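For the sequence shown, the residue numbers in mature numbering (1 follows the signal peptide of the UniProt record, and there is no 0) are -21 to -1, 1 to 452. We treat Cβ as the ideally placed atom computed from N, Cα and C, and that holds for glycine. Predicted model, so just to flag it, every value in this text is computed and none were measured.
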Amino acid sequence: MPIVAVLVAAGLTFSASPAHADHTLRHSTDKLVGVAINPSWFSNGTYSNIVASEFSSITAENQMKPDALQPQQGNFQFGTAHQIIDFAQQNNQNVYGHTLLWHSQSPGWMTSQSGQQLLNTLRTHITTVVNELDAVQQWDVVNEILEDNGQFRNSHLMNTGLGQGFVADAFHTARAAGGPNKSYCMNDFNTHSINTKSNAYFNLVQDLLNQGVPIDCFGFQTHLYLGEDLSTMQANMERFANLGLEIWISELDIRINMPASQQELQEQAQMYAQVFQFCLNVPACRGVTSWNLHDGASWIPGTFPGTGAAHLYDENLQPKPAYYAVLETLGGSGGGPGPGPGGGGELRGAGSNRCLDVPDASTQNGTQLQIYDCWGGSNQQWTHTSSGELTVYSGGSERCLDAEGNGTANGTAAIIWTCHGGANQRWNLNSNGSISNVHNGLCLDVSDFGTANGSQVQLWSCSGGSNQQWTLG
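Put into structure tokens, the structure is as follows:
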């Protein structure tokens, strides 16, 4: 049965009905839905079944890093990496390789070298690994090479004699080994939003591409904390995509101060849905990888003490609200439109049984919408046009449903405005009853799950809740 969202007294919750094989994360979208795995958990049947059935891409959490693959110089250890690849091939999954070069988790013998010796070592490592693990389709060639201030990290990688030139050399070496049919990526944290670090990466990638360096993709790690501002994330993804790059949300998790409340788990679910929606909105985004499957095998508490509960599954391998929110996003607002254009009538909210209403039948630009008892007035009659607008009134009084100020943040007001054809005035009527904005991917939402006359209408991350479900006609 389809997963449905229900509203309970404690807040928005997603039902824990088991998903059928044709309604899992991986089968709900053409995007790759990935997870970082640890093969030591494969002996747990529940773990391996979830990884196989729910995800279309896997990344080794640690087993393809330099210290795991070449613990002693010339002594390559590929057994576990091949075990991961075999698992993926048995389950028709993509394998994302992480990582060829990194300042951390590189063996001591490697980090102690310098000059031509180190350069030869790095080239040999890249060539040997890419050739041996030929089934890997994407490689993080360099990982975390910049500090948060945008400067190059001072690590052994800067000691080859090439300075910053080690980056270009690594990409050329990887492409020479693996050929043009794989993707070669940069990857880093604190780059998902527009900030000093992402600006530095944008300029670096642009310069390297202009020099002919074969960079194919950028991975935004996206290690988030609950409540983090994501208002510039989609725009950031789009500017990197405009360089001709594939985009990956490569290491997603959302940590919560412990112990996590049910309300916080619902807020986390909305954030997960929002991030997946960003990937759906950006054509160049190939996929989203969650960094760890479940809270019982998480890197978060050891790195961010006092926080946790960051993943889609809990410590007992049970799906959390975040899982159902992502599933709803992929199979609902992200899974194709519902009714086509041309329909009209009242827009009735499922949670309130009240209608989308222009207060006082106003035609004033900027008037925020509300819900109100359905009575058939012209201020409650909406038409979904062939261009995707939702219009109210007619003739010279016609106005469009509009995302105020081209907003992209949760809480953006749903207003009326003179129709101008912009993306913030175009709407998808989705098969799950939600109405999502073409510009920002957010859904038409009754604020605070209100059901009373006068409850305001806004835009919010799509969750599938009854306060986001509407019937037109």
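message: Can you tell me which residues form a DSSP beta bridge with A382?
response: Answer is A393, bridged to A382.
message: Alpha carbons only, please: which of N385, W439, Q213, N271 is nearest the one belonging to L291?
response: Closest by alpha carbon: N271.
- request: Measure from the alpha carbon of G142 to the alpha carbon of each residue in T170, M165, H171, L97, then state which is nearest.
  value: G142 has its Cα closest to that of L97, out of T170, M165, H171, L97.
message: Within 8 angstroms, do at least three Cβ pairs link the stretch 107 to 118 to the stretch 216 to 224?
response: The stretch 216 to 224 vs the stretch 107 to 118: no contact.
task: Please name the residue in M212, G58, N133 whose C-alpha comes closest to that of H171.
output: Closest in alpha carbon position to H171, among M212, G58, N133, is M212.
message: Applying the 10 Å Cβ sphere with the 16-neighbour rule, what's the burial state of Q190?
response: Exposed, because fewer than 16 other Cβ atoms sit within 10 Å of the Cβ of Q190.
field: Three or more C-beta pairs below 8 angstroms linking the stretch 291 to 302 and the stretch 238 to 254
entry: Flag = yes, the stretch 291 to 302 and the stretch 238 to 254 touch.
Touching by the beta-carbon criterion (3+ pairs, under 8 angstroms), the stretch 327 to 337 and the stretch 426 to 438: Two segments are said to touch when three or more pairs of C-beta atoms, one from each, lie closer than 8 angstroms; by this definition the stretch 327 to 337 touches the stretch 426 to 438.
message: Short of 7 angstroms in beta carbon distance, which residues of its chain neighbour V261, apart from the five on each side in sequence? Order them along the chain.
response: For V261, where only same-chain residues beyond five positions count, the Cβ hits under 7 angstroms are Q213, M216, E217, A220, I226.
field: Residue range of the unbroken alpha helix (DSSP H) whose run includes D65
entry: Bounds of the alpha helix (DSSP H) holding D65 are 58 to 69.
- prompt: What are the residues that DSSP puts in a beta bridge with E225?
  reply: According to DSSP, E225 bridges with C196.
- prompt: Looking at the unbroken alpha helix (DSSP H) that takes in C398, where does it start and where does it end?
  reply: No alpha helix (DSSP H) contains C398, which DSSP labels as neither H nor E.
query: By Cβ distance, which residues of its chain are closer than 6 angstroms to E126, with the 5 residues on each side in sequence left out?
result: Correct list, in chain order: R132.
- prompt: Three or more C-beta pairs closer than 8 angstroms, one from the stretch 11 to 19 and one from the stretch 37 to 45: is that the case here?
  reply: Under the 8 angstroms Cβ criterion, the stretch 11 to 19 counts as touching the stretch 37 to 45, having at least three qualifying pairs.
- prompt: Is it the case that the Cβ atoms of A153 and L79 are separated by a distance below 8 angstroms?
  reply: A distance below 8 angstroms separates the beta carbons of A153 and L79.
message: Given a cut-off of 8 angstroms on the beta-carbon distance, is the pair L209 and R234 in contact?
response: No, the Cβ-Cβ distance between L209 and R234 is not below 8 angstroms.
- request: Please work out which residues of its chain come closer than 8 angstroms, Cβ to Cβ, to L244, disregarding the five sequence neighbours upstream and downstream, and give them in chain order.
  value: I235, A288, K299, P300, A301.
query: Is the CB-CB distance between L11 and L309 below 8 angstroms?
result: The Cβ atoms of L11 and L309 lie no closer than 8 angstroms to each other.
query: Bridge partners of G266, per DSSP?
result: BP columns for G266 point to L11, W227.
field: Own chain partners of D1 with C-beta closer than 8 angstroms, once the 5 adjacent residues on each side are dropped
entry: For D1, the predicted structure reports a pLDDT of 47, less than 50, and the residue's modelled location is therefore unreliable. A value from the coordinates is still provided. Once the five neighbours on either side are set aside, D1 has no close Cβ partner at all.
message: Just verifying my parser: in three-state terms, what is the DSSP assignment at D352?
response: DSSP places D352 in coil when its eight states are reduced to three.
task: Would you mind listing the beta strand (DSSP E) stretches within the stretch 172 to 221 that are 3+ residues and don't spill past its ends, in chain order?
output: Qualifying beta strand (DSSP E) stretches, in chain order: 196 to 199, 202 to 204.
- prompt: In the DSSP assignment, what residue or residues form a beta bridge with T286?
  reply: BP columns for T286 point to N236.
field: Per DSSP, the bridge partner or partners of residue 453
entry: The structure shown does not extend to residue 453, since the chain spans only -21 to 452, so no value can be given for it.
query: In this structure, does DSSP put W406 in helix, strand or coil?
result: It is a strand residue.
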